[in-house]
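Following: one structure in structure tokens, then a few remarks.
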Amino acid sequence: MKKYVFIFLFLTVNLVSYGQTESPMKDFDANYAHTVYFWLQNPESHEDCAAFETSLKKFMDHSAYAKTKYIGTPPKASRDVVDGSFTYALIVTFESAEAQQKYQDEAPHKLFIEESSHLWTKVIVYDSTGI
932 MKKYVFIFLF
942 LTVNLVSYGQ
952 TESPMKDFDA
962 NYAHTVYFWL
972 QNPESHEDCA
982 AFETSLKKFM
992 DHSAYAKTKY
1002 IGTPPKASRD
1012 VVDGSFTYAL
1022 IVTFESAEAQ
1032 QKYQDEAPHK
1042 LFIEESSHLW
1052 TKVIVYDSTG
1062 I
């Protein structure tokens, strides 16, 4: 009997856990992922960080094409293979490469670059399509 109770609890926990992790990812579109890393000139400056975050969030709020919109900062590196040298990361997904190109050309994107490009020294972009 104890064995069946254990199996029931194990299955219940796994199903509940699966449901919790699946929900936030339902907006993720694996067709096209656009990952951008920014290195700010003055990453210790609270004013620069606030200006950058405000501009980036405004851009994400007004983008007509971006589906998943994730903005992050590097955690403390726990392994040698983790590059935590960037200041901000942006991960955006699109339904297609064409939608990503429209995102590049839309007014909110151009305004973000105009408002914030003076704040960064380096930007690296990694685009990928799902397999």
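For any residue, its number in my numbering is found by taking its place in the sequence shown, counting from 1, and adding 931. Even glycine gets a Cβ: it sits at the ideal position worked out from N, Cα and C. The structure displayed is predicted, hence computed values, not measured ones.
Taking the C-beta atoms as reference points, Leu987 is found no nearer than 8 Å to Phe1025. For Tyr1034, the enclosing alpha helix (DSSP H) begins and ends at 1028 to 1036.
Under the DSSP assignment, Ser986 falls in the alpha helix (DSSP H) whose first and last residues are 977 to 993.
Its chain contains Asn962, Tyr963 as the residues whose beta carbon lies nearer than 7 Å to that of Ser1027, once the 5 sequence neighbours on both sides are disregarded; these appear in chain order. In this structure, the CA atom of Pro1005 is about 19 Å from the CA atom of Ser1047. Counting every other CB atom within 10 Å of its CB across the protein chains shown gives Ala997 a total of 16 or more, marking it as buried.
Comparing C-alpha distances from Lys1000 to each of Asp1011, Lys1007, Ala1008, Leu1021 shows the shortest one belongs to Leu1021. For Tyr996, no beta strand (DSSP E) run applies, since DSSP gives it neither H nor E. Rounded to whole angstroms, the separation of the alpha carbons of Gln972 and Thr1052 is 5 Å. Here Lys1053 is bridged, per DSSP, to Trp970.
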